[in-house]
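Encoded as structure tokens, the structure appears first; notes follow it.
In this note's numbering, the protein residues as written are 85 to 275.
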């Protein structure tokens, strides 16, 4: 059987190459240390928020960068994550594959979902930092909308907070480019 149809993991664990052989069927598959993780479809709040953020980030994004929704970041042969949004170097996006090497990603954005909360809050930022992704945003929707923005400290290989936004705040950041996004503009009506 192929990686696409087997219930058994490939010998040695799943790799990015195995993931390439799975069908393009809309199922979200990620690899955590050689283990395949399949997550349920995101909620309507999650999807609306992703779309609004995509719009506002794209509108202000410099030409040398590219904003994308739910594409693969290949961190290593046995670790491929799919952030809810990412910003990458435009040249890397020209391939059109939907796969980005970590070195080409400038910002990874995760919107916390009930089924992925530990990965979004702990696992993914740890590995994004180790891979050298300069910026990370963690977005929470339980109890209202909040955005925590982080920048990589290259000496410690850990993220440090550079902004926290909730309520009627405006996301105001100077890095990775000057950003001003009112939370009221990206908050889904059903949140």
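Glycine included, C-beta positions come from ideal geometry on N, C-alpha and C.
Item                                                                                                                                                         : Value
When you compare each of 260, 228, 164 to residue 207 by their alpha carbons, which one comes out closest?                                                   : 164
Would residue 111 be called buried (16 or more neighbouring beta carbons within 10 Å of its own) or exposed?                                                 : exposed
List the whole-angstrom C-beta distance separating residue 171 from residue 149, where the pair is believed to meet the contact cut-off of C-beta under 8 Å. : 5 Å
Report, in whole angstroms, the separation of the C-beta atoms of residue 102 and residue 94, which I expect to be a contact under 8 Å.                      : 5 Å
Do residue 137 and residue 193 count as a contact pair if the criterion is CB distance below 9 Å?                                                            : yes
Need the endpoints of the alpha helix (DSSP H) that residue 270 sits in, please.                                                                             : 267-270
In three-state terms, what does DSSP make of residue 176?                                                                                                    : helix
Tell me which same chain residues have a C-beta within less than 6 Å of the C-beta of residue 173, skipping the five on either side of it?                   : 188
By DSSP's criteria, residue 221 is part of a beta bridge. Which residues make up the other side?                                                             : 193, 233
Check whether the Cβ atoms of residue 221 and residue 211 lie closer than 9 Å to each other.                                                                 : no
If I follow the unbroken beta strand (DSSP E) through residue 121, where does it start and stop?                                                             : 119-123
Count the C-beta pairs between the stretch 117-133 and the stretch 255-272 that are closer than 8 Å, then say yes if the count reaches three, no if not.     : yes
So, under 8 Å CB-CB, residue 246 and residue 255 are touching, yes? Tell me the CB distance rounded to an integer number of Å.                               : Actually they do not touch by this definition, with Cβ atoms about 11 Å apart.
Mind checking who residue 245 pairs with in its DSSP beta bridge?                                                                                            : 234
Have a look at the DSSP bridge pairing and note the partners of residue 149.                                                                                 : 173
Check for me: the alpha helix (DSSP H) holding residue 142 runs from which residue to which?                                                                 : 128-144
Leaving out five residues before and five after residue 205 in sequence, what residues of the same chain have Cβ atoms less than 7 Å from its Cβ?            : 196, 222
What is the rounded straight-line gap between the Cα of residue 142 and the Cα of residue 126?                                                               : 21 Å
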